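Here is the structure we will look at, set down as structure tokens.
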Amino acid sequence: MSRGDMAKPLLGHGSTEGDPSLTPASGRTIGVLGSGDFARSLAIRLVCSGFKVVVGSRNPKRKASLFPSAAEVTFQAEAVKKTDVIFVAVFREHYSTLCDLADVLAGKILVDVSNNTEINHHKESNAEYLASLFPACTVVKGFNVVSAWTLQSGARDGNKQVLICSNNQEAKRTVAEIAQVMGFTPVDMGCLSSASEIENIPLRLLPAWKIPIFLALGLFLCFFTYNLIRQVIHPFIREQKNKFYKIPIEVVNTTLPCVSYVMLSLVYLPGVLAACSQLYYGTKYRRFPDWLDQWLQHRKQIGLLSFFCAALHAVYSLCLPMRRSHRYLLIETAVKQAMEKKMNIWVEEEVWRMEIYISVGIIALGLLSLLAITSLPSIANSLNWREFSFIQSSLGFTALVVSTLHTLTYGWSRAFDENQYKFYLPPTYTLTLLVPCTVIIARVIFSLPCIRHRLLRIRRGWEKGRYVKFVLPSATGEYSSGETSSNV
Ligand code: NAP
Numbered sequence: 000m001s002r003g004d005m006a007k008p009l010l011g012h013g014s015t016e017g018d019p020s021l022t023p024a025s026g027r028t029i030g031v032l033g034s035g036d037f038a039r040s041l042a043i044r045l046v047c048s049g050f051k052v053v054v055g056s057r058n059p060k061r062k063a064s065l066f067p068s069a070a071e072v073t074f075q076a077e078a079v080k081k082t083d084v085i086f087v088a089v090f091r092e093h094y095s096t097l098c099d100l101a102d103v104l105a106g107k108i109l110v111d112v113s114n115n116t117e118i119n120h121h122k123e124s125n126a127e128y129l130a131s132l133f134p135a136c137t138v139v140k141g142f143n144v145v146s147a148w149t150l151q152s153g154a155r156d157g158n159k160q161v162l163i164c165s166n167n168q169e170a171k172r173t174v175a176e177i178a179q180v181m182g183f184t185p186v187d188m189g190c191l192s193s194a195s196e197i198e199n200i201p202l203r204l205l206p207a208w209k210i211p212i213f214l215a216l217g218l219f220l221c222f223f224t225y226n227l228i229r230q231v232i233h234p235f236i237r238e239q240k241n242k243f244y245k246i247p248i249e250v251v252n253t254t255l256p257c258v259s260y261v262m263l264s265l266v267y268l269p270g271v272l273a274a275c276s277q278l279y280y281g282t283k284y285r286r287f288p289d290w291l292d293q294w295l296q297h298r299k300q301i302g303l304l305s306f307f308c309a310a311l312h313a314v315y316s317l318c319l320p321m322r323r324s325h326r327y328l329l330i331e332t333a334v335k336q337a338m339e340k341k342m343n344i345w346v347e348e349e350v351w352r353m354e355i356y357i358s359v360g361i362i363a364l365g366l367l368s369l370l371a372i373t374s375l376p377s378i379a380n381s382l383n384w385r386e387f388s389f390i391q392s393s394l395g396f397t398a399l400v401v402s403t404l405h406t407l408t409y410g411w412s413r414a415f416d417e418n419q420y421k422f423y424l425p426p427t428y429t430l431t432l433l434v435p436c437t438v439i440i441a442r443v444i445f446s447l448p449c450i451r452h453r454l455l456r457i458r459r460g461w462e463k464g465r466y467v468k469f470v471l472p473s474a475t476g477e478y479s480s481g482e483t484s485s486n487v
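Laid out in structure tokens, this is it:
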């Protein structure tokens, strides 16, 4: 990141004009204890946001050249004296070495930016530990969820949220103002007891992805085993043919579309179940069971994994003709046909099946890409609710229908060919059709006017068996009111 990029404040004095709440924050002096990566990035961002910065280091002479010239780098005690708000950019293990500064720090705001190396590493959070070492100070937890890189590159390119907590409202407001002037969005997380939760956030590994990833892996394993039995084990046992070479590409490539297709249908299945529940109970105010709630919340990740598998399937399919095995088999077939003096090998039905199969596959992948792109927060935020729901719901459902066509044209009449039932196991694609077809049929039923109308009314707040007030025009044109059951 060049210094030039940092030269322009994100929200300098100019941008805070007309917003008196921000005026006291920008322009004030902020202290930073420590001269490491985070302290340096913090100092640069603070300077660029219009603050005066004083850095406290154990060795200011050596560290001064690392900071922008506008920032003053001095000894820790000197720095602390010059400001009321101090960012403590040192590791927890070194907090006790700051105890000599207790007198000069008294009455000041300490911002604890530290993180741990493990979730719930210590019994008490770092911020609470700092507060216990400096009881005369007010400790605010914050800025630990942004990295030094995000601070340097500006809030535009990284996570914009800064989670803040403290037992002192005034101190929290001051730190929130500073965060806002720096271009971040402060989020009030309450009292200092929330600090452990905030400290755990940067350490969590894809919490929203765990269930969808396990689901995808589970489906992959099931379909892979099924395909392995049909494509490799069956010919080996029944015909003593060695088809193990198929495992790395062919078996994987027949597994990926199955996972992608079923995962896509699992994005829309919870919506169908939710609609069934609403229709059955005649209300939208009844809570869904927890498992359905969880499922509804994970739809985005399930959809993205479906897209990932579909994209891999496309790449694998493009690479199929590159394989040596494919070339050998092609030449073998050509030689066989030449020996049998077969000149016309064109099968019109097969040609059409393949053309349609590939074409709908490409369309399905295109639609899935669109869904994936619009689920990115930066794109989703630029869409209004109607646009977002049109793409995610209507186009998503269209993708499911097109994928079903892709699967059906792949299978064609093979479901009725008894040779396809290896060890009495039906072809894999017939199994994958089960959930998607259920979803499609349910959506078609929900679109019938009588059901659609009832569902719409429920979603607007109508409840079965509840009495509602109504207003009717009388014969004289005046309005009379009364009560009736909304059921009638
Ligand atoms: P760092 O590069 O190792 O810097 C730590 C600084 O602490 C040193 O430069 C040192 O500055 C100072 N310090 C004060 N007393 C010390 C002592 N007794 N022994 C050693 N150093 C002492 O670490 P960092 O990456 O800047 O991280 C600083 C804090 O920010 C940590 O609590 C970390 O969890 C938090 N944080 C970092 C990031 C990040 O992206 N790096 C992100 C979020 C939070 P002087 O030698 O000048 O005194």
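According to numbering that gives the first Met the number 0, the sequence shown is numbered sequentially starting from 0.
In this text, a Cβ means the ideal position worked out from N, Cα and C, and glycines have one as well.
Predicted, not measured: the structure shown is a model, and the values here were computed from it.
> With C-beta atoms as the reference, is D292 less than 9 Å away from R286?
Replying inline: Position 293 of the sequence shown, counted from the first residue, corresponds to residue 292. Position 287 of the sequence shown, counted from the first residue, corresponds to residue 286. Yes. Within cutoff.
Is there at least one non-hydrogen atom of the ligand MG closer than 8 Å to the beta-carbon of R456?
As far as ligands go, the structure on display features the ligand NAP and does not contain the ligand MG.
I43 beta carbon less than 9 Å from that of A70:
Looking up residue 70 in the sequence shown gives position 71. Looking up residue 43 in the sequence shown gives position 44. Closer than 9 Å, so yes.
List in chain order the residues whose CB is within less than 6 Å of at least one heavy atom of the ligand NAP.
G33, S34, G35, D36, F37, A38, S56, R57, N58, K62, A88, V89, F90, H93, T96, V112, S113, N114, N143, S146 and A147
Practice problem: Going by CA-CA distance only, name the one from I118, L205, L455 and S56 that's closest to H93. | Solution: Against the sequence shown, residue 93 aligns to sequence position 94. Nearest option by C-alpha distance: S56.
(request) Leaving out five residues on either side along the sequence, give the residues of the same chain with a beta carbon under 8 Å from the beta carbon of C190. (result) Within the sequence shown, the letter at position 191 stands for residue 190. Hits under 8 Å: C164, S165 and N166.
Closest to V359 by CA distance: which of T282, R322, S402 and F389 is it? By one-based count along the sequence shown, residue 359 stands at place 360. Minimum Cα distance to V359 is reached at S402.
Please return the same chain residues whose Cβ sits closer than 8 Å to the Cβ of T397, not counting the five positions on each side in sequence.
By one-based count along the sequence shown, residue 397 stands at place 398. These residues qualify, in order along the chain: L366.
Select from S64, S95, N58 and L65 the residue whose C-alpha is nearest the C-alpha of A78. If you number the sequence shown from 1, residue 78 lands on position 79. When each option's Cα is compared against that of A78, the closest is N58.
- Query: So is E249 buried or exposed if we call it buried at 16+ other beta carbons inside 10 Å?
  - Reply: Taking the first residue of the sequence shown as position 1, residue 249 is located at position 250. With 16 or more other Cβ atoms within 10 Å, it is buried.
* Asked: Would you call the CB atoms of V434 and L268 closer than 9 Å?
  -> As a first step, residue 434 must be located in the sequence shown, where it is residue number 435. As a first step, residue 268 must be located in the sequence shown, where it is residue number 269. Closer than 9 Å, so yes.
Notebook entry, point to check: How should I236 be labelled, buried or exposed, when 16 other C-beta atoms within 10 angstroms of its C-beta is the threshold for buried?
Noted result: To locate residue 236, count along the sequence shown from 1; it is residue 237. Exposed: under 16 other Cβ atoms inside 10 Å.
Check your understanding: Residue range of the alpha helix (DSSP H) that Q168 falls in?
Key -> As a first step, residue 168 is located in the sequence shown; it is residue number 169 there, counting from the start. Segment Q168 to V180, the alpha helix (DSSP H) holding Q168.
As a quick exercise: from W411, G182 and L317, pick the residue whose alpha carbon is nearest that of W351. Counting from 1 along the sequence shown, the entry for residue 351 is found at position 352. Cα-wise, what sits closest to W351 is W411.
Quiz item: Nearest CA to the CA of P426: which residue from N119, H233 and L32?
Solution: Counting from one through the sequence shown, the residue named residue 426 turns up at place 427. Closest by alpha carbon: H233.
DSSP three-state label for T28, please.
Here residue 28 refers to the residue found at position 29 of the sequence shown. In the structure shown, T28 sits in a strand (DSSP, three-state: E or B).
### Query
Quick one, which of V334, N114, M181 and P256 has its alpha-carbon nearest Y428's?
Taking the sequence shown and counting its residues from 1, the one referred to as residue 428 is at position 429. The shortest Cα separation from Y428 among V334, N114, M181 and P256 belongs to P256.
Contact between the segment 87-102 and the segment 30-40 is defined here as three or more beta-carbon pairs at a separation below 8 Å; is this criterion met? yes
Checklist entry - Shortest alpha-carbon distance to N489 belongs to which of F387, K242 and P211? => result With the chain represented from 0 up to 487, any question about residue 489 goes unanswered, as that position is not in the structure.
The segment 261-277 in contact with the segment 289-309 per 3-pair CB rule at 8 Å: yes
Sequence-distant residues of the same chain with beta carbon closer than 7 Å to L41, five excluded per side:
The residue you call residue 41 lines up with position 42 of the sequence shown. Within the same chain, L41 has close Cβ partners V31, F86, A88 and L150.
Review point. Using the beta-carbon count (16 or more within 10 Å), is Y244 buried or exposed?
Key: Numbered from 1 along the sequence shown, position 245 holds the residue referred to as residue 244. Y244 is exposed by the Cβ-count criterion.
Straight-line Cα distance separating A207 from S377:
The residue given as residue 377 occupies position 378 in the sequence shown. The residue given as residue 207 occupies position 208 in the sequence shown. Cα to Cα, S377 sits roughly 18 Å from A207.
Considering only the beta carbon of each residue, do Q160 and P185 sit closer than 9 Å? Along the sequence shown, read from residue 1 onward, the residue named residue 160 stands at position 161. Along the sequence shown, read from residue 1 onward, the residue named residue 185 stands at position 186. Closer than 9 Å, so yes.
TODO: Please name the residue in F222, C98 and T406 whose C-alpha comes closest to that of I355.
DONE: The residue labelled residue 355 in the question sits at position 356 within the sequence shown. Among F222, C98 and T406, the Cα nearest to that of I355 belongs to T406.
Uninterrupted alpha helix (DSSP H) stretches inside the segment 96-135 (no shorter than 4 residues): 101-104 and 125-132
Worksheet entry | Buried versus exposed call for F415 [16 or more other C-beta atoms within 10 Å across all chains shown] | In the sequence shown, residue 415 corresponds to position 416, counting from 1. Exposed is the call here.
Worksheet item: Going along the chain, which residues of its own chain have a beta-carbon closer than 8 Å to the beta-carbon of E198, five neighbours each way excluded?
Response: Counted from its first residue, the sequence shown places residue 198 at position 199. For E198, where only same-chain residues beyond five positions count, the Cβ hits under 8 Å are S113, N114, N115, S124, N125, A126, K140 and N143.
(message) Within a Cβ cutoff of 6 Å, which residues of the same chain sit near A576, ignoring the five residues on either side of it in sequence?
(response) An answer regarding residue 576 cannot be provided, because it is not within the stretch 0 to 487 covered by the chain.
Exercise for the section: Express the C-alpha separation of F223 and N252 in angstroms, rounding to a whole number. Expected result: Along the sequence shown, one-based indexing puts residue 252 at 253. Along the sequence shown, one-based indexing puts residue 223 at 224. Rounded to whole angstroms, N252 to F223 spans 9 Å at the Cα level.
Pop quiz: F445 and A274 are said to be a contact at Cβ under 8 Å. What is the actual Cβ separation, rounded to whole angstroms?
In the sequence shown, residue 445 corresponds to position 446, counting from 1. In the sequence shown, residue 274 corresponds to position 275, counting from 1. 6 Å between Cβ atoms; contact.
- Item | C-alpha distance - L21 paired with L45, whole-angstrom precision | On the sequence shown, position 22 is the one that residue 21 refers to. On the sequence shown, position 46 is the one that residue 45 refers to. Confidence is the limiting factor: at L21 the pLDDT is only 41, short of 50, which leaves the residue's position unreliable and the question unanswerable from this model.
- prompt: Quick one: what does DSSP say L471 is sitting in, helix, strand or coil?
  reply: Sequence index remark: in the sequence shown, residue 471 carries index 472 (1-based). Any reading at L471 must be qualified, since the residue scores a pLDDT of 46, below 50, and its modelled position is unreliable; the value itself is stated next. Looking at L471 - three-state DSSP - the assignment turns out to be strand.
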